[in-house]
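Residue numbers (my numbering): 38 to 273. Okay, structure first, notes after.
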């Protein structure tokens, strides 16, 4: 009995230490991470679209966390953008990182594919845009109507020929429009590292590896001598 108590106590202590090291400490370090200056808050429509994204399980097949280390080296070659940092998710509660890439990473899908018409058509029938795609069709986010019966305020979806019968048109529902607005908002082209920070990270990487240049901000030019002093004297 005494040995069993020691075993259980040891396991609990080990679990507590592991939890503190892997969850609590990183949370305390990153919970107040500020948003990058160029990162914009979501609009109300984009937030609604984010809810549609979660409700339809998009996170099950798509990540939002490209990497430039290890197996993620291919992400940069695919044009998926720089590796993400904690500040990129400042306005995400919770961050939709994802765990599986049945489909491509969407961290920068708004940059790679900015067309709203493309996204709407792709949601309605993925295989009309990507032959062989295993992505399900989200037809329930649309209405198929007789041509000419749609209201002037409704958004018609431009589709490749043959996707629907000639006498029919496809109209996007508000949920579809909100989801597309969210996807178009996923743009992270701004830089997140100063040259000094990039140099520090490079020294920590294996030999021959360098920080993604897209993640590094251009150096801030120095002000001409005496300019700052003069500006300071004019302040109230």
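The beta-carbon is built from N, C-alpha and C at its ideal position, and this holds for glycine as well.
Check your understanding: For residue 45, is the classification buried or exposed, using 16 other Cβ atoms within 10 angstroms of its Cβ as the cut-off for buried?
Key -> The residue given as residue 45 occupies position 8 in the chain shown. Counting Cβ neighbours within 10 Å, residue 45 comes out exposed, since fewer than 16 surround it.
Exercise for review: Rounded to whole angstroms, what's the CA-CA distance from residue 260 to residue 97? Just pull it up for me.
Suggested key: Here residue 260 corresponds to residue number 223 of the chain shown, with the count starting at 1. Here residue 97 corresponds to residue number 60 of the chain shown, with the count starting at 1. With a pLDDT of 41 at residue 260, under the threshold of 50, the predicted position of this residue should be treated as unreliable, though the coordinate-derived value follows. The alpha-carbon atoms of residue 260 and residue 97 are separated by roughly 49 angstroms.
Practice item. With a 10 Å radius around its C-beta and 16 neighbouring C-beta atoms as the bar for buried, classify residue 40 as buried or exposed. Key: The residue given as residue 40 occupies position 3 in the chain shown. The residue is exposed, with fewer than 16 neighbouring Cβ atoms inside 10 Å.
**Study point:** Extent of the continuous beta strand (DSSP E) run through residue 209
**Key:** Locating residue 209 in the chain shown gives position 172, where the first residue counts as 1. 205-209 is the extent of the beta strand (DSSP E) around residue 209.
Check your understanding: If you check the beta carbons only, do residue 94 and residue 216 fall under 8 angstroms apart?
Key -> Along the chain shown, read from residue 1 onward, the residue named residue 94 stands at position 57. Along the chain shown, read from residue 1 onward, the residue named residue 216 stands at position 179. No, the pair does not count as a contact, with Cβ atoms beyond the cut-off.
Check your understanding: Given residue 166, which residues of its chain have a CB within under 8 angstroms of its CB, disregarding the five upstream and five downstream residues?
Key -> In the chain shown, counting from the first residue as 1, residue 166 sits at position 129. Closer than 8 angstroms at the Cβ level, and outside the excluded window around residue 166, lie 155, 158, 159, 197.
Exercise for review: Output the distance between the C-alpha atoms of residue 161 and residue 120, rounded to the nearest integer angstrom.
Suggested key: Within the chain shown, residue 161 is the residue found at index 124, counting from 1. Within the chain shown, residue 120 is the residue found at index 83, counting from 1. Rounded to whole angstroms, residue 161 to residue 120 spans 30 angstroms at the Cα level.
Practice item. Taking the CB atoms as reference points, tell me whether residue 182 and residue 148 lie closer together than 8 angstroms. Key: In the chain shown, the residue the question calls residue 182 occupies position 145. In the chain shown, the residue the question calls residue 148 occupies position 111. Not in contact: residue 182 and residue 148 (Cβ atoms no closer than 8 angstroms).
Practice item. Pick helix, strand or coil for residue 149, following the three-state DSSP scheme. Key: Here residue 149 refers to the residue found at position 112 of the chain shown. It is helical.
**Study point:** Environment of residue 229 [buried if 16+ CB atoms lie within 10 Å]
**Key:** On the chain shown, residue 229 is found 192 positions in, with the first residue counted as 1. Label assigned to residue 229: buried.
Review point. Based on the DSSP secondary-structure assignment, which residues constitute the bridge partners of residue 179?
Key: Here residue 179 corresponds to residue number 142 of the chain shown, with the count starting at 1. Residue 179 pairs with 209.
Practice item. Give me whichever residues DSSP pairs with residue 192 in a beta bridge. Key: What you label residue 192 is simply residue 155 of the chain shown in a count that begins at 1. Per DSSP, 209.
Practice item. Report all residues from its chain with a CB closer than 7 angstroms to the CB of residue 132; omit the five preceding and five following residues, and keep chain order. Key: Taking the chain shown and counting its residues from 1, one reaches residue 132 at position 95. 126, listed in sequence order.
Exercise for review: Leaving out five residues on either side along the sequence, give the residues of the same chain with a beta carbon under 8 angstroms from the beta carbon of residue 201.
Suggested key: On the chain shown, position 164 is the one that residue 201 refers to. Counting only Cβ-Cβ distances below 8 angstroms, and skipping sequence neighbours, we find 181, 207.
Check your understanding: Do you know whose CA, among 49, 222, 186, lies nearest residue 129's CA?
Key -> Reading the chain shown from its first residue, position 92 is the one you call residue 129. Here the closest residue by C-alpha is 222.
Practice item. Report the rounded CA-to-CA distance for residue 163 versus residue 116, giving the unit in angstroms. Key: Translated into positions along the chain shown, residue 163 becomes position 126. Translated into positions along the chain shown, residue 116 becomes position 79. Going by the C-alpha atoms only, they are around 21 angstroms apart.
Point to revise | Among 145, 203, 152, nearest to residue 112 - alpha-carbon criterion | key: By one-based count along the chain shown, residue 112 stands at place 75. Selected option, being the one with the closest Cα: 145.
Review point. Going by the CB atoms, is the gap between residue 73 and residue 124 shorter than 8 angstroms?
Key: Along the chain shown, read from residue 1 onward, the residue named residue 124 stands at position 87. Along the chain shown, read from residue 1 onward, the residue named residue 73 stands at position 36. Yes.
Review point. So residue 178 and residue 210 are in contact, right, with Cβ under 8 angstroms, and what is the actual spacing, rounded?
Key: Taking the chain shown and counting its residues from 1, the one referred to as residue 178 is at position 141. Taking the chain shown and counting its residues from 1, the one referred to as residue 210 is at position 173. Indeed, because the Cβ distance is near 5 angstroms, the residues count as touching under 8 angstroms.
Review point. Helix, strand or coil: how does DSSP classify residue 167 here?
Key: Along the chain shown, one-based indexing puts residue 167 at 130. Three-state DSSP puts residue 167 in coil, outside helix and strand.
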